[in-house]
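Below is one structure, written out as structure tokens, with a few remarks after it.
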Amino acid sequence: MNELYKNEINEILEILGENLDISESQYKAAVKSYEAVGDWLSKESSTLYPYSPRIIPQGSFMLGTITRPINDEDDIDIDLVCKLNGKPSHWTQKHLKDAVGDRLKEYSVYKEMLESLDGGRRCWTLEYSDEANYHLDILPSISDKNFTVLLNESFNNYQNLDADKLAIRITDKEDLFYSVMTHTEWWRKCNPFGYAKWFFQRAIYSSTKMFALNESVDPVRPFQKEKMPLQRVVQLLKRHRDIMFSSDEYDSENKPISIIITTLASKAYDKSENIVDAYVNIVSKMRSYIETRLNAKTGQYERWVSNPINNEENFADKWSEVAQKEEYFYAWLDKLEEDLATIQYGQNKGLFSLNESLSAQYGNRVVNKVFAEYGEKNKILRENGLRKMAVGTGMLGSIGKSIPNHNFEGNI
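In numbering that gives the first Met the number 0, the protein residues as written are 0 to 411.
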């Protein structure tokens, strides 16, 4: 790609990323909602009060890679951790799960909003109104009493504290010891905050880029409109997946999962400072981070996408159980590489062709909105004499043939 074309594509992809993101009003509404839940769980009247319950975002909401659904009617999934400092000695996972659920049910509004009065496998889900368009998945967990201090220290000034110290113990109904084991060291371990630290360290591409890691774990941090290239690429990858697997040709239950996409993209990211270079380089390298390992238990070789903070955990473990999951992932990578090539080598085809290509990959409605915004922005720049057109393609930039300003005067 020549520099003019690359700059224009970068501008279009940046606008596309902004349109895939949730709005600032949606973000603030979600924060207000989970703050209210946290307040209710931690009131003095709550049985959880002695253990200082705290609600902390996790997953894509924490990473800044959340992507709005294709259909406006679909819910945005907000993943949260309900973290307690310790527990009564006799509590099992079931006791903890029930205690959080019972406290939610004590407030009639939350009781009506619960997706299930029995809770899910790991979480309690609060479904908000159709107008709000989101739901909260609340994961009960136990942490060390010094967890908050360790978390803040770990995310401040790039300190390389052992990520394992950020691990939490969670509830899981499928655990054999769910209703029996009281010692938390036997509970399932989860480390969303260690993963988040790793992700942001991968995402920060310049020492001069002002970004505090500890902002990422602040439950009420401000809406992040400007995203780093890795964050934008992950959003683009997830939307490309969603569009592809919205077809009746596929069983959407087995589409590539976000944690694998995010992990492979982060490992492949080369600190490029613009979206185009980051996107091209990530897609070209993602395959190389999928390993093949021998499973000592089965004697079979299997695909392996290792957790970056726990090399013994395989995010692709379900691939060996459901062959279609692996098949779909590689089908998606094939399509992704093919689609990206149409963008890379489309510089002589013009804007209309680019619009068609991106619409097929990311959806007609959002792409048409992107090109409308792109056109309006360039109209303003053109009117101020700051935009020129490349001969033959219609691509707009700072070099090329000058475009006269239109005053639209004359006969109608």
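Ideal placement from N, C-alpha and C gives every residue a C-beta, glycine not left out. On a predicted model such as this, the values are computed, not experimentally measured, just so you know.
Is residue j closer than 8 Å to residue i when the C-beta atoms are compared?
| i | j | result |
| --- | --- | --- |
| Leu332 | Met285 | yes |
| Leu150 | Val36 | no |
| Asn273 | Asn9 | yes |
| Leu79 | Ile137 | yes |
| Lys412 | Lys334 | An answer regarding residue 412 cannot be provided, because it is not within the stretch 0 to 411 covered by the chain. |
| Tyr50 | Gly85 | yes |
| Val279 | Thr261 | no |
| Ser165 | Phe192 | Here residue 165 is Leu; the residue named in the question, Ser, does not match the sequence. Closer than 8 Å, so yes. |
| Val282 | Leu15 | no |
| Ile259 | Phe176 | no |
| Val366 | Asn354 | yes |
| Tyr4 | Gln346 | yes |
| Pro255 | Arg238 | no |
| Ile11 | Tyr373 | yes |
Quick one, which of the options has its alpha-carbon nearest residue i's?
| i | options | result |
| --- | --- | --- |
| Asn253 | Ala322, Ala98, Leu353, Lys82 | Ala322 |
| Gln200 | Ile258, Asp250, Tyr268, Thr181 | Tyr268 |
| Glu2 | Trp90, Asp276, Asp97 | Asp276 |
| Ser128 | Leu335, Arg240, Lys324, Gln25 | Gln25 |
| Glu326 | Ile11, Val282, Ser251 | Ser251 |
| Lys196 | Asp241, Met112, Pro307 | Pro307 |
| Ser178 | Ile167, Asp97, Lys188 | Asp97 |
| Pro228 | Thr91, Glu13, Arg121 | Glu13 |
| Ser142 | Trp123, Thr124, Arg168 | Arg168 |
| Glu130 | Glu72, Lys27, Tyr288 | Glu72 |
| His89 | Ala359, Asn354, Thr183 | Thr183 |
| Lys27 | Pro221, Lys226, Asn6, Pro56 | Pro221 |
| Asn190 | Asp163, Thr181, Glu173, Lys172 | Asp163 |
| Met0 | Thr181, Thr341, Leu113, Pro255 | Thr341 |
| Val46 | Arg238, Trp186, Leu103, His239 | Rather than Val, the amino acid found at residue 46 in this sequence is Thr. Taking only the C-alpha atoms, the option nearest Thr46 is Leu103. |
| Met304 | Asn377, Ala295, Glu290, Trp123 | The sequence given here has Val at residue 304, not Met. Selected option, being the one with the closest Cα: Glu290. |
| Glu225 | Asp20, Glu7, Asn6 | Asp20 |
| Leu263 | Tyr329, Leu40, Glu7, Gly362 | Tyr329 |
| Leu40 | Ala29, Glu105, Ser22 | Glu105 |
I think residue i touches residue j, with their Cβ atoms under 8 Å apart; what is that distance to the nearest whole Å?
| i | j | result |
| --- | --- | --- |
| Thr170 | Leu95 | 6 Å |
| Ser107 | Ser257 | Wrong, their Cβ atoms sit about 34 Å apart, outside the cutoff. |
| Lys93 | Arg53 | Not really, about 21 Å apart at Cβ, beyond 8 Å. |
| Lys270 | Tyr288 | At roughly 16 Å, the Cβ-Cβ gap does not stay under 8 Å, so Lys270 and Tyr288 are not in contact. |
| Ile242 | Gln360 | 6 Å |
| Gln230 | Thr64 | 5 Å |
| Pro68 | Ile75 | 7 Å |
| Glu114 | Thr124 | 4 Å |
| Arg120 | Lys188 | 16 Å between Cβ atoms; not a contact. |
| Lys42 | Tyr48 | 7 Å |
| Glu301 | Ser319 | 4 Å |
| Met413 | Thr91 | Because the chain here runs from 0 to 411, residue 413 falls outside it and cannot be looked at. |
| Pro139 | Val99 | 4 Å |
Residue i lies in the beta strand (DSSP E); which residues open and close that run?
| i | result |
| --- | --- |
| Asp338 | Element bounds for Asp338: not the beta strand (DSSP E) but the alpha helix (DSSP H), 322-343. |
| Val80 | 75-84 |
| Arg187 | 187-189 |
| Ile203 | Run containing Ile203: none; DSSP gives neither H nor E here. |
| Glu311 | 309-313 |
From the DSSP secondary-structure annotation, give me the bridge partner or partners of residue i.
| i | result |
| --- | --- |
| Leu135 | Ile77, Leu125 |
| Leu113 | Leu125 |
| Thr291 | Arg302 |
| Arg53 | Lys82 |
| Ser142 | Asn84 |
The alpha helix (DSSP H) with residue i in it runs from where to where?
| i | result |
| --- | --- |
| Arg168 | It is not in any alpha helix (DSSP H) - Arg168 instead sits in the beta strand (DSSP E) that spans 167-169. |
| His182 | Counting along the chain, His182 falls outside any alpha helix (DSSP H), and DSSP gives it neither H nor E. |
| Gln92 | 92-104 |
| Tyr48 | From DSSP, Tyr48 is part of no alpha helix (DSSP H); its letter is neither H nor E. |
| Phe176 | First-last for Phe176: undefined, no H or E at that position. |
| Asn354 | 349-361 |
| Ala162 | No alpha helix (DSSP H) contains Ala162, which DSSP labels as neither H nor E. |
| Tyr18 | Checking the displayed sequence, the identity of residue 18 turns out to be Asn instead of Tyr. Counting along the chain, the alpha helix (DSSP H) containing Asn18 begins and ends at 2-19. |
| Ile260 | 257-267 |
| Gly58 | 58-62 |
| Glu435 | Outside the shown range of the chain, which is 0 to 411, sits residue 435, and nothing can be said about it. |
| His89 | Note, His89: premise wrong, no alpha helix (DSSP H); not H, not E. |
| Lys237 | 228-243 |
| Ser283 | 274-284 |
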